[in-house]
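As you go down the protein sequences, you meet chains A and B in turn. Using this note's numbering, read the first sequence as starting at 5 and increasing by one per residue. Using this note's numbering, read the second sequence as starting at 5 and increasing by one per residue. We put the beta carbon where it would ideally sit given N, CA and C, even for glycine. These numbers come from a predicted model, not from an experiment. Each remark here refers to the structure printed beneath this line.
Number of protein chains: 2
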Amino acid sequence: MATIREVARAAGVSTATVSRVFSNSPLVSADTAERVLKSAQQLDYWPNSAARSLSTHRTHTIGIMLPDLFGEFYSDLMRGLDREASLHEYQILLSSSHSGGSDVLAASRAMLGRIDGLIMLAPDEKSIDTVERVRRRVPVVLLNPRQPVEGCHSVEVANYDGARRVVEYLLELGHRDLAFVAGPEGNVDAEERRRGFRESLQVAGLDPDQALELPGDFREIAGVEASTVILARHPRPTVVFAANDAMAIGLQSALHRAGCRVPQDISVVGFDNVAMAGYLNPPLTTVNVDACGLGREAVRMMLDVLRASEESAQIRRVIPAALKIRESCSAVEALRAGHKSNSN
Amino acid sequence: MATIREVARAAGVSTATVSRVFSNSPLVSADTAERVLKSAQQLDYWPNSAARSLSTHRTHTIGIMLPDLFGEFYSDLMRGLDREASLHEYQILLSSSHSGGSDVLAASRAMLGRIDGLIMLAPDEKSIDTVERVRRRVPVVLLNPRQPVEGCHSVEVANYDGARRVVEYLLELGHRDLAFVAGPEGNVDAEERRRGFRESLQVAGLDPDQALELPGDFREIAGVEASTVILARHPRPTVVFAANDAMAIGLQSALHRAGCRVPQDISVVGFDNVAMAGYLNPPLTTVNVDACGLGREAVRMMLDVLRASEESAQIRRVIPAALKIRESCSAVEALRAGHKSNSN
DNA sequence: TCATTTTATGAAACCGTTTACATCTGCAGC
DNA sequence: GCTGCAGATGTAAACGGTTTCATAAAATGA
Chain A
5 MATIREVARA AGVSTATVSR VFSNSPLVSA DTAERVLKSA QQLDYWPNSA ARSLSTHRTH
65 TIGIMLPDLF GEFYSDLMRG LDREASLHEY QILLSSSHSG GSDVLAASRA MLGRIDGLIM
125 LAPDEKSIDT VERVRRRVPV VLLNPRQPVE GCHSVEVANY DGARRVVEYL LELGHRDLAF
185 VAGPEGNVDA EERRRGFRES LQVAGLDPDQ ALELPGDFRE IAGVEASTVI LARHPRPTVV
245 FAANDAMAIG LQSALHRAGC RVPQDISVVG FDNVAMAGYL NPPLTTVNVD ACGLGREAVR
305 MMLDVLRASE ESAQIRRVIP AALKIRESCS AVEALRAGHK SNSN
Chain B
5 MATIREVARA AGVSTATVSR VFSNSPLVSA DTAERVLKSA QQLDYWPNSA ARSLSTHRTH
65 TIGIMLPDLF GEFYSDLMRG LDREASLHEY QILLSSSHSG GSDVLAASRA MLGRIDGLIM
125 LAPDEKSIDT VERVRRRVPV VLLNPRQPVE GCHSVEVANY DGARRVVEYL LELGHRDLAF
185 VAGPEGNVDA EERRRGFRES LQVAGLDPDQ ALELPGDFRE IAGVEASTVI LARHPRPTVV
245 FAANDAMAIG LQSALHRAGC RVPQDISVVG FDNVAMAGYL NPPLTTVNVD ACGLGREAVR
305 MMLDVLRASE ESAQIRRVIP AALKIRESCS AVEALRAGHK SNSN
């Protein structure tokens, strides 16, 4: 692999000139540039990015640190990050699949010197001091942080608002006996959604403790498992709010299999609005979460910070979560008599 | 940000010693090491990875180049790549969302010097010479290449085999009038699946031209669109084979909406076995594609190459694609009389 | 024609590491 | 009291670029 010196020698110029040619400096005459380019091509030369970033202190790379995720949220988020980054010719250094704590510290250290900034998803308590440390070196943008970190911008999904909107909608439909299938413990999105669920009930003067809260892990199977509890319950809840679509899908499937019709016998709501939510049977009422937009915003924010000469005030952007009404919820009055809940 | 020199000065040693401490060299006495570590901590020092890789020529990073993808395949693939890489403490430099050609060349050049090897998904004709060029610098592993490239190992999904197995199964069930919803033009997976479909028919002595082939793009909506053509067709095909699950889901949804029951009135097959395929109504018969395993294998292969001292023979690994039979296909005899096809 | 400015180029320091090699110290062996 | 050797450390040259500053050449203005 040819170096800049070999190209310089071949073209009969100095390394400075070659360097200038490859960074499109205007301080090189046209024919010199051409000569250099020709030599470079012959030698199959291309600047070594690592060496370049060592001396310029810019890497044109954004570090991304994610916990071990799965599902469509992850892939949409990545697409958003990805697209926006490549749009601006930035690369992405990815490090995921870690559980927090020292893990995260090691990973972010390995990134040091190779990234211009770091985007971090859902840092938990254990990662907070890592964030603080990284922040001294490069700008950090947080996604859905559990709590704001001094000096870090953040982009958040309005999980809480979305959940509140769902419950308000259900209350309007006359439901008073609600079940909730929660997401995994320790997951910020899951917790915010649950908080939204509980507080909405409280605000409406209902006792959240009386609502049926079932454990879940954001996977389809958790919805299936929840269904058995729900079906066995008397009086049976009139609606089930699953903390994400995957679980809602599992739930709907199990209910259908048990001969329980949605929404005639029981209503179901999800959260996320995954691509196929509209193609379910019945089409799923859910909350639209623009994961792709979340990623896009995070990258934009990062690029803004990188471009800015001086530090700006801490910015917190919120990606709205809008209710997407389809056909999986009906009004309570429409419920079959036999299954009608003894609400209020 | 402190450099190795400052730490050396603070600890009263040379930079060589500091370097040795941070690379766990045994050539440092215990108390010197301790002293160095203490100074480093005080100064909040951590080695600069870019500088490190400049002198060691190792980056501990694998480059990944993907076309602009969406859907569960992408996210599963990424998870496989990701997990295996972090398991071995490798990082991932991602560059995606490009369409091939000069785009790919530029992106891979930007990676030069920052990666130990490159994993590339579905390189098309336009990218072949980029691959050839990159290969001279770092090892390359190809995923689902359209054609093998001299000197590059590859991992492939048995798309063709999977499609053949589907058709064989359908023929066994007595179907003779098949429809196919294709994937996007130019997509290798899509094309291999279609080839499998066509050739199976041919082998069975059926005329592939007579089969109904509809265009698609791997999105749910394409399945919906296909349904209108299929329902209008007389005689109506007894089964629809969608080139991926997303389209199969769109299709099932549209058929249901049109009052056409699956599998009583028409059978449906997908491809991919996405997480929720088993929770559809009816559960979808499909082909299991282990995208996660594909990614895992690719990383393993790459790490093997990186560890190997000398070049080994070109390896080609195939990830099998097994038929996953659920409930969306029935035997032709079971079809309702009125809709029975005039097959054979 | 000469001083002045502009433009193109080169020399060399620098970015933050690693590592081959040199050096120093202390100790065992004779 | 040497020699030889092992272990711990230091020196300095890479690694492959960029960039400041100096300089040479060309263009400009008087």
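*Does B:D86 get closer than 9 Å to chain A when you measure Cβ to Cβ?*
Yes, B:D86 counts as interfacial toward chain A.
*Span of the beta strand (DSSP E) holding B:L182?*
Counting along the chain, the beta strand (DSSP E) containing B:L182 begins and ends at L182 to V185.
*asked:* With distance defined between alpha-carbon atoms, name the residue in B:R137, B:E10 and B:V243 nearest to B:Q45.
replied: For B:Q45, the closest alpha carbon among the candidates B:R137, B:E10 and B:V243 is that of B:E10.
*What are the boundary residues of the alpha helix (DSSP H) that B:N163 is part of?*
For B:N163, the enclosing alpha helix (DSSP H) begins and ends at N163 to E176.
_DSSP-derived helix/strand/coil call for B:Q95_ = Here B:Q95 sits in strand by DSSP.
_Using 8 Å as the cut-off, can you tell me whether the segment 185-196 of chain A makes contact with the segment 232-249 of chain A, which would need three or more C-beta pairs spanning the two stretches below that distance?_
When Cβ pairs closer than 8 Å are counted between the two stretches, the segment 185-196 of chain A is seen to touch the segment 232-249 of chain A, the count reaching three or more.
*Looking only at its own chain, which residues have a Cβ that is under 6 Å from the Cβ of A:N12, when we skip the five neighbours before and after it?*
Before going further, note that residue 12 of chain A is Ala rather than Asn in the sequence given. Around A:A12: S18, T19 and V22.
*6 Å CB neighbourhood of B:S347 in its chain, flanking five on each side removed*: For B:S347, the predicted structure reports a pLDDT of 38, less than 50, and the residue's modelled location is therefore unreliable. A value from the coordinates is still provided. Non-local C-beta neighbours of B:S347 in its own chain, meaning closer than 6 Å and more than five positions away in sequence, comprise R180 and D181, ordered along the chain.
_Among A:R56, A:R168 and A:D35, whose alpha-carbon lies nearest the alpha-carbon of A:S27?_
Of the candidates A:R56, A:R168 and A:D35, the one whose C-alpha sits nearest the C-alpha of A:S27 is A:R56.
*Name the chain A residues whose beta carbon is nearer than 7 Å to that of B:F201?*
None at all; the shortest Cβ gap to chain A is about 23 Å.
*asked:* Buried or exposed, going by whether 16 or more other CB atoms sit within 10 Å of the CB of A:D72?
replied: With fewer than 16 other Cβ atoms from the protein chains shown falling within 10 Å of its own Cβ, A:D72 counts as exposed.
_Minimum Cβ-Cβ distance from B:Y283 to chain A less than 9 Å_ = Chain A, which has a Cβ nearer than 9 Å to the Cβ of B:Y283, makes this yes.
*asked:* Quick check: the Cα distance between B:G342 and B:R240, rounded to an integer number of angstroms?
replied: Per-residue confidence for B:G342 stands at a pLDDT of 45, beneath the threshold of 50, marking its modelled position as unreliable; no derived number is given.
*For B:R202, does the count of other Cβ atoms within 10 angstroms reach 16, so buried, or fall short, so exposed?*
Around the beta carbon of B:R202, 16 or more other beta carbons sit within 10 angstroms, so the residue counts as buried.
*Please name the residue or residues paired with B:V272 in a DSSP beta bridge.*
Per DSSP, B:V244.
*Report the rounded CA-to-CA distance for B:I123 versus A:E217, giving the unit in angstroms.*
About 44 Å.
*asked:* Could you tell me which whole alpha helix (DSSP H) segments of length 4 or greater appear in the segment 41-117 of chain A?
replied: Qualifying alpha helix (DSSP H) stretches, in chain order: 53-60, 76-91 and 106-115.
*Say whether the segment 96-103 of chain B touches the segment 57-70 of chain B, bearing in mind that this needs 3 or more beta-carbon pairs closer than 8 Å, one atom from each stretch.*
They touch, by the three-pair rule.
*asked:* Need the endpoints of the beta strand (DSSP E) that B:A326 sits in, please.
replied: Where B:A326 is concerned, the enclosing beta strand (DSSP E) stretches over A325 to K328.
*Residue range of the alpha helix (DSSP H) that B:T19 falls in?*
Residues T19 to F26.
*Does DSSP put A:V144 in a helix, a strand or coil?*
Three-state DSSP puts A:V144 in a strand.
*What is the DSSP secondary structure of B:T290, counted as helix, strand or coil?*
B:T290 falls in the strand class under three-state DSSP.
_Cβ separation of B:E88 and B:R300, assumed to be a contact under 8 Å, to the nearest whole Å_ = Contact flag correct, Cβ pair sits at about 5 Å.
*Is it right to say B:K42 is buried, meaning 16 or more other beta carbons lie within 10 angstroms of its own, or is it exposed?*
When all chains shown are included, B:K42 counts as exposed.
*Please indicate yes or no: does the CB of A:S257 lie closer than 8 Å to some heavy atom of the ligand GTP?*
In terms of ligand content, the structure shown is empty, and the ligand GTP therefore cannot be addressed.
*Cut-off 6 Å between Cβ atoms - residues of its own chain near A:D2, not counting five sequence neighbours on either side*: There is no way to answer for residue 2 of chain A, as the model of chain A reaches only from 5 to 348.
*Starting from B:G190, trace the alpha helix (DSSP H) both ways and give me its first and last residue.*
In this chain, B:G190 is not harboured by any alpha helix (DSSP H), its DSSP state being neither H nor E.
*In chain order, what residues of the same chain have a beta carbon less than 6 Å from the beta carbon of A:M305, not counting five sequence neighbours either side?*
Close CB contacts of A:M305 within its chain, under the 6 Å cut and outside five residues either way in sequence, are with V145 and H157 (chain order).
*Which of helix, strand or coil does DSSP assign to A:S332?*
The three-state reading of DSSP puts A:S332 in coil, since its state is none of H, G, I, E or B.
_Cβ of A:L235 within 9 Å of any chain B Cβ_ = By this cut-off, A:L235 is not an interface position.
*Simplified DSSP state of A:S347, which is helix, strand or coil*: With a pLDDT of only 38 at A:S347, under 50, the local geometry of the prediction cannot be trusted, and the value read off the model is given with reservation. Three-state DSSP puts A:S347 in coil, outside helix and strand.
*May I have the straight-line CA-CA distance separating B:V170 from B:P219, to the nearest angstrom?*
Distance between the alpha carbons of B:V170 and B:P219: 19 Å.
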